[in-house]
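Q: Questions regarding the structure given below will be posed in turn.
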Amino acid sequence: MEYFKAAPEAMKPLVALENSTRDLSIPARLRWLMKMRASQINGCAYCLDMHAPEARKAGVTQQQLDVLAAWRESPAFDARERAALGWCDALTRIEATGAPDADYNALAAIFSERERTELTLIITTINAWNRFAVGFRSAHPIRDEADGH
Numbered sequence: 133m134e135y136f137k138a139a140p141e142a143m144k145p146l147v148a149l150e151n152s153t154r155d156l157s158i159p160a161r162l163r164w165l166m167k168m169r170a171s172q173i174n175g176c177a178y179c180l181d182m183h184a185p186e187a188r189k190a191g192v193t194q195q196q197l198d199v200l201a202a203w204r205e206s207p208a209f210d211a212r213e214r215a216a217l218g219w220c221d222a223l224t225r226i227e228a229t230g231a232p233d234a235d236y237n238a239l240a241a242i243f244s245e246r247e248r249t250e251l252t253l254i255i256t257t258i259n260a261w262n263r264f265a266v267g268f269r270s271a272h273p274i275r276d277e278a279d280g281h
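Taking my numbering, the leading residue of the sequence shown gets 133, the next gets one more, and so forth.
Structure representation (structure tokens):
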């Protein structure tokens with residue numbers, strides 16, 4: 133289903149929300165890590181495919197993308213990234229985690245109140261997009277490996 137065509141007026145607020153996340157203080161590299169991680173958890177191939185090139189352009193390394201599913205066991209992420217990834221996991225799986233104090237405390241130890249709010253908005257926004265893409269069976273294009281993606 134092409135939800136933008138089905139209800140363009142309904143999609144405008146979500147597009148505006150997405151656009152607003154670009155102007156936050158959270159560095160682009162960290163924003164893209166959140167988008168990739170939430171999309172992994174949600175099984176959103178469409179968003180993973182869409183955002184991987186943008187993540188690389190923002191400085192997320194190919195190694196980080198390769199090991200993102202096992203970030204807790206990988207030394208490829210710094211303390212800020214680890215705290216943000218823990219929060220992303222907790223919020224994306226909130227029905228199972230309840231956003232535990234340990235994840236929040238790790239976040240609060242490194243990020244300001246503003247940054248915590250902004251990270252939560254970024255995570256919330258990609259989770260909304262994932263629900264549209266997965267729910268309505270969005271399929272990513274097949275690319276030729278020669279195009280660099």
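Every residue, glycine too, gets a C-beta built ideally from N, C-alpha and C.
Could you give the residue range of the alpha helix (DSSP H) that holds residue 216?
A: 211 to 224 is the span of the alpha helix (DSSP H), which, as asked, contains residue 216.
Q: Beta-carbon within less than 6 Å of residue 196's beta-carbon, same chain only, minus the 5 sequence neighbours each way: which residues are those?
A: For residue 196, where only same-chain residues beyond five positions count, the Cβ hits under 6 Å are 208.
Q: When DSSP labels each residue in this structure, what does residue 146 get in the three-state scheme?
A: Three-state DSSP puts residue 146 in a helix.
Q: Find out if the Cβ-Cβ distance for the pair residue 287, residue 218 is shorter than 8 Å.
A: This structure cannot speak to residue 287, because the chain is shown only from 133 to 281.
Q: Within 8 Å, do at least three Cβ pairs link the segment 176 to 187 to the segment 259 to 274?
A: Flag = yes, the segment 259 to 274 and the segment 176 to 187 touch.
Q: Here's the rule: buried if 16 or more other CB atoms are within 10 angstroms of the residue's CB, otherwise exposed. What is residue 194?
A: That one is exposed.
Q: Could you have a look at residue 242 and say whether DSSP puts it in helix, strand or coil?
A: Of the three classes helix, strand and coil, the one that applies to residue 242 here is helix, per DSSP.
Q: At which residues does the alpha helix (DSSP H) containing residue 168 begin and terminate?
A: Segment 160 to 173, the alpha helix (DSSP H) holding residue 168.
Q: Where do the N-terminal and C-terminal ends of the alpha helix (DSSP H) with residue 183 fall, by residue?
A: That run of the alpha helix (DSSP H) goes 177 to 189.
Q: To the nearest angstrom, report how far apart residue 243 and residue 143 are at their CA atoms.
A: If I take the Cα positions, the gap works out to 31 Å.
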